[in-house]
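**Q** In this note's numbering, the protein residues as written are 900 to 1210. Each residue gets a CB set at the ideal place from its N, CA and C atoms; glycine is no exception. Computed from a predicted structure; not experimentally measured. Below you will find the structure I want to go over with you.
Right, dumping it as structure tokens:
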């Protein structure tokens, strides 16, 4: 049941939202359910395979695959924060979600998304050291440093997003209880808030700049140096090999950061809900699905390890 659209009424106490998701296309609910189940299983199977071969194959015991296995684990967690609830809503058509569950979902998505941004920057730094300073690579990127870098991504991302989620849900909601999205994301939640949300939006923008734009700029700087170094290599074979070790990471970076930057840093309009939903599909579902494909089909070492694993 929809709340009355009375701007003076404080609906926060009702403690329930409605996730509209894809309810605007009622004839395709079963079809979407089947598609997203297949996508979810593909994501879990593909990323689990990356984690498995990265940990059991001796030839893949390198920093690059250490980071890749952690990235695949993050992808599985990331998609599990949104897809199961969406599948339940598509199957049962009961789209209600409590305020607490909504806050937990938002916090989980934001934390995991921030950690992915930081980890992608770490992976770019790993490629920078490997290509630009190959003689120092074993010393600079030893196992202890790799563990510390991954831990730093987690430690940095978690407290900031817990604080941001508390700040978002400290506002009162009185416009409606209907969230025009398939998960509890910041833009559609703030549209339901009472009064002026300019301060909240400014804080969201600042956090997005820190955790999205700064890692993205660091990645660009790393690849600027990487490309400069590769172009100076004397042999075409060496240049091709160097480019191939970076191409998979670049594709994932473009998919993930491109959609995230447009979603959180572009100017908002009253008609941006459909665009936000479409873009969110890219960084919450499409990228996790294509990540294993990109890293296996474009990587000879992973393909060899995969053939060893399969009977």
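1) Which one of 1034, 1068 and 985 has the shortest CA to CA distance from residue 929?
2) Look up residue 1072 in the DSSP assignment and give the residues it is bridged to.
3) So, is residue 949 buried or exposed, given that buried needs 16 or more other C-beta atoms within 10 angstroms?
4) When we look at the beta-carbon of residue 1183 and count the other beta-carbons within 10 Å, is it buried (16 or more) or exposed?
5) Specify the secondary structure class of residue 1199 as computed by DSSP and reduced to three states.
6) Could you check where the beta strand (DSSP E) with residue 916 kicks off and where it finishes?
7) Measuring CB to CB, does residue 1004 end up less than 7 Å from residue 1065?
8) Of the residues 1047, 1075, 970 and 1092, which one's Cα is nearest the Cα of residue 1069?
9) Which first and last residues belong to the beta strand (DSSP E) in which residue 924 is found?
10) Candidates 1012, 957 and 970: which alpha carbon is nearest residue 1110's?
11) Taking DSSP as the reference, what is the three-state secondary structure of residue 1134?
12) Using a 10 Å radius around the Cβ and a threshold of 16 neighbouring Cβ atoms, would you call residue 1080 buried or exposed?
13) Where do the N-terminal and C-terminal ends of the beta strand (DSSP E) with residue 996 fall, by residue?
14) What are the boundary residues of the alpha helix (DSSP H) that residue 1107 is part of?
15) Given this structure, state the Cα-to-Cα distance separating residue 1034 from residue 1025, to the nearest angstrom.
16) For the pair the stretch 1133-1149 and the stretch 1041-1056, tell me if three or more CB-CB distances fall below 8 Å.
17) Go ahead and label residue 994 buried or exposed: buried means 16 or more other beta carbons lie within 10 angstroms of its beta carbon, across all protein chains shown.
18) Sorted by chain position, which residues of the same chain lie with C-beta nearer than 8 Å to residue 901's C-beta, five sequence neighbours on each side aside?
19) Kindly indicate the opening and closing residues of the alpha helix (DSSP H) around residue 946.
20) Would you give the residue range spanned by the alpha helix (DSSP H) that residue 1185 belongs to?
21) Out of 922, 931, 964 and 919, state which residue places its alpha-carbon closest to the alpha-carbon of residue 1204.
22) So, using beta-carbon positions, are residue 1175 and residue 1086 closer together than 7 Å?
23) Helix or strand or just coil, what does DSSP make of residue 992?
24) Give the secondary structure of residue 1077 by DSSP, where H, G and I count as helix, E and B as strand, and everything else as coil.
25) With distances taken from CA atoms, which of 926, 937, 1028 and 942 is nearest residue 1145?
26) For residue 1117 versus residue 1020, is the C-beta distance shorter than 7 Å?
27) Quick check on the burial criterion: 16 or more other C-beta atoms within 10 angstroms. Buried or exposed for residue 970?
28) Beta-carbon separation of residue 840 and residue 1194 under 7 Å?
29) Quick one: residues in its chain with C-beta nearer than 6 Å to the C-beta of residue 956, no 5 flanking neighbours on either side, listed in chain order?
30) Assuming residue 1151 and residue 1190 make a contact with CB atoms under 8 Å, what is their CB distance in whole Å?
**A** Looking at the atomic coordinates:
1) For this step, residue 929 is matched to residue 30 along the chain shown. Of the listed residues, the one whose Cα sits closest to residue 929 is 985.
2) For this step, residue 1072 is matched to residue 173 along the chain shown. Partner(s): 1092.
3) Counting from one through the chain shown, the residue named residue 949 turns up at place 50. Residue 949 is buried by the Cβ-count criterion.
4) The residue you call residue 1183 lines up with position 284 of the chain shown. It is buried - the Cβ of residue 1183 has at least 16 other Cβ atoms within 10 Å.
5) Taking the chain shown and counting its residues from 1, the one referred to as residue 1199 is at position 300. Helix.
6) Residue mapping note: residue 916 aligns to position 17 of the chain shown, counting from 1. Element bounds for residue 916: 915-918.
7) The residue you call residue 1004 lines up with position 105 of the chain shown. The residue you call residue 1065 lines up with position 166 of the chain shown. Contact: no.
8) Counting from one through the chain shown, the residue named residue 1069 turns up at place 170. Answer by Cα proximity: 1092.
9) The count along the chain shown starts at 1 and reaches residue 924 at position 25. First-last for residue 924: undefined, no H or E at that position.
10) For this step, residue 1110 is matched to residue 211 along the chain shown. Of the listed residues, the one whose Cα sits closest to residue 1110 is 1012.
11) As a first step, residue 1134 must be located in the chain shown, where it is residue number 235. Reduced to three states, the DSSP call for residue 1134 is coil.
12) In the chain shown, counting from the first residue as 1, residue 1080 sits at position 181. Classification for residue 1080: buried.
13) Along the chain shown, one-based indexing puts residue 996 at 97. First-last of the beta strand (DSSP E) with residue 996: 995-997.
14) If you number the chain shown from 1, residue 1107 lands on position 208. Looking at the DSSP string, the run of the alpha helix (DSSP H) that includes residue 1107 is 1097-1107.
15) Sequence index remark: in the chain shown, residue 1034 carries index 135 (1-based). Sequence index remark: in the chain shown, residue 1025 carries index 126 (1-based). C-alpha separation (whole angstroms): 13 Å.
16) no
17) One-based indexing of the chain shown puts residue 994 at position 95. Label assigned to residue 994: buried.
18) Here residue 901 corresponds to residue number 2 of the chain shown, with the count starting at 1. With a pLDDT of 45 at residue 901, under the threshold of 50, the modelled position of that residue is not reliable, and the figure given next carries that caveat. Excluding residues within five positions, the ones whose Cβ falls inside 8 Å are 917, 1075, 1076 and 1077.
19) Along the chain shown, one-based indexing puts residue 946 at 47. Element bounds for residue 946: 928-955.
20) Against the chain shown, residue 1185 aligns to sequence position 286. Premise fails: residue 1185 is in no alpha helix (DSSP H) and is neither H nor E.
21) Stepping through the chain shown from its first residue, residue 1204 is reached at position 305. The option with the nearest alpha carbon to residue 1204 is 964.
22) Within the chain shown, the letter at position 276 stands for residue 1175. Within the chain shown, the letter at position 187 stands for residue 1086. Against a cut-off of 7 Å, the Cβ pair of residue 1086 and residue 1175 comes out as a contact.
23) Position 93 of the chain shown, counting from 1, holds the residue named residue 992. The answer is coil: DSSP assigns residue 992 none of H, G, I, E or B.
24) Here residue 1077 refers to the residue found at position 178 of the chain shown. Three-state result, residue 1077: strand.
25) As a first step, residue 1145 must be located in the chain shown, where it is residue number 246. The option with the nearest alpha carbon to residue 1145 is 1028.
26) Indexing the chain shown from 1 puts residue 1117 at position 218. Indexing the chain shown from 1 puts residue 1020 at position 121. Cβ distance < 7 Å, so residue 1117 and residue 1020 count as in contact.
27) Taking the chain shown and counting its residues from 1, the one referred to as residue 970 is at position 71. With 16 or more other Cβ atoms within 10 Å, it is buried.
28) Nothing can be reported for residue 840, as the shown portion of the chain is limited to 900 through 1210.
29) Walking along the chain shown from the start, residue 956 turns up at place 57. Closer than 6 Å at Cβ, skipping near neighbours: 1204.
30) Here the question's residue 1151 lines up with position 252 in the chain shown. Here the question's residue 1190 lines up with position 291 in the chain shown. At roughly 6 Å, the Cβ-Cβ gap stays under 8 Å, so residue 1151 and residue 1190 are in contact.
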